[in-house]
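Scroll down for the structure; my scribbles are underneath it.
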Amino acid sequence: MKPIRSFLFVPGNKASWIEKSVAAKADALILDLEDSVPPDQKVEARGVVQSKLAFLAERGQRTWVRINRSPHLYDFDDMMAVVSAEVEGVFISKPCGPEDVDTAASMLAEVEWRKGLPVGSTKIIPLLETARSLQFAYEIGLRERVPFLVGATAKNADVARALGTIWTPGGRETAYLKSRIVMAARAAGKLPIGGVWQQVHDLEGLRQSSQLDRELGMSGELSLHPSNVAILNEIYSPSPEQVAFYKGMIAALDQAQAQGRASCVYDGEHIDIAHVKTAREIIALAESFAS
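Under the numbering used here, the residue at position 71 of the sequence shown is numbered 53, and the numbers go up by one with no gaps.
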């Protein structure tokens, strides 16, 4: 699955917001049926989301839906309403562990079968918001339907409550758990997603926080406001300067190998084939976002 730099949450009960959200140019939308929808509007929101899926697909917008859960199961009615060829998958909140992902996967298989969709086509992104799910991140990442693991933290939200952390602008309190998500996701062959910057109008704070997540190894981020998307797309994309640097690195090693050497000094750094493998991956990533 193509990487996603920016996931933008949009309340599922706001039809006009869903339509306008395309202009933000997020790599993917998360149409939210859960926390951003008042309890007495959840059924109505389900219908609103269902009615907008074709609109988004026609505009080439990648779309996910965050569904509700009860104390025992994820919401089957939500799944029946939104699972379709226009939806890449569903976000599930607060899984206790891999068994909750397995349950959601079984429910999705039934929905896909009823709708005549290929079984397994609807992906699952688990929001690791409980201490136990963070502990079992790798096992969750191994699940076939899971392409991304989310290790997002927000000030005073679910993860902070689960772990008893106190928010700081520098993020010291969450560095370990985010690194744990990066390691688990990469070990399982999946991509790690970070965030969430809650002070949505503090764009400089967002930039600093996102840069820290990128340095830890995150490949993208959840966002709460359209104004945040452009910064995320920038942070999680190789810059033109980086692309030029790595193209030069490849050329330098090619020249060295033509002269019978397996390494060389490029821009003051010793490089060999391992560095060029990284360079090729970064260039390919940049090209994937440009296409």
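Ideal placement from N, C-alpha and C gives every residue a C-beta, glycine not left out.
In this text the structure is predicted, and so the values were computed from the model without any measurement.
Asked, Found
"Minimum length 3: unbroken beta strand (DSSP E) runs contained in the segment 144 to 188", "173 to 176"
"Bridge partners - Tyr120, DSSP secondary structure assignment", "In the DSSP output, where bridge partners are listed per residue, Tyr120 has none listed."
"Reference Leu38, options Glu26, Ser66, Ala134, Glu16, closest by Cα", "Ser66"
"Burial state of Asn138 (16 or more Cβ within 10 Å)", "exposed"
"Distance, Gly242 Cα to Arg189 Cα", "44 angstroms"
"Sheet register partners of Thr46 (DSSP bridge)", "According to the sequence displayed, residue 46 carries Trp and not Thr. Looking at the DSSP assignment, Trp46 forms a beta bridge with Ile12, Gly71."
"Own chain partners of Tyr248 with C-beta closer than 6 angstroms, once the 5 adjacent residues on each side are dropped", "Met231, Ala234"
"Residue closest to Pro(-7), alpha-carbon to alpha-carbon, out of Leu110, Val83, Lys34", "Lys34"
"Beta-bridge partners of Ile106, as assigned by DSSP", "Val72"
"Which residues DSSP lists as bridging Val31, in chain order", "For Val31, which the question treats as bridged, DSSP gives no partner whatsoever."
"Assumed close pair Thr135, Ala142 - CB separation to whole angstroms, cut-off 8 angstroms", "7 angstroms"
"Beta-carbon spacing of Ile(-14), Leu159 below 9 angstroms", "no"
"Three-state secondary structure (DSSP) of Arg280", "The requested residue 280 is not part of the displayed model; the chain covers only -17 to 273."
"Pro129 versus Glu269, Ile107, Asp60, residue with shortest Cα-Cα distance", "Ile107"
"For Leu99, three-class secondary structure by DSSP", "coil"
"Beta-carbon proximity list for Glu197, same chain, < 8 angstroms, skipping 5 on both sides", "none"
"For Leu204, the first and last residue of its enclosing beta strand (DSSP E)", "202 to 205"
"Rounded straight-line distance, which links the Cα of Asn50 to that of Phe(-9)", "15 angstroms"
"Helix, strand or coil at Leu(-10) according to DSSP, with G and I counted as helix", "strand"
"Proximity test, Cβ basis, 9 angstroms: Pro151 and chain B", "Protein chain content of the structure displayed is limited to a single chain, and chain B is not contained in it."
"Under the three-state DSSP convention, the category Asp57 falls into", "coil"
"Beta-carbon proximity check, Gly102 vs Ala91, cutoff 9 angstroms", "yes"
"Ala10 versus His252: straight-line alpha-carbon distance, rounded", "39 angstroms"
"Residue nearest to Val83 in terms of C-alpha spacing, selected from Ser115, Glu155, Met62", "Ser115"
"Candidates Ile163, Lys7, Glu111: closest to Ser75 by CA position", "Glu111"
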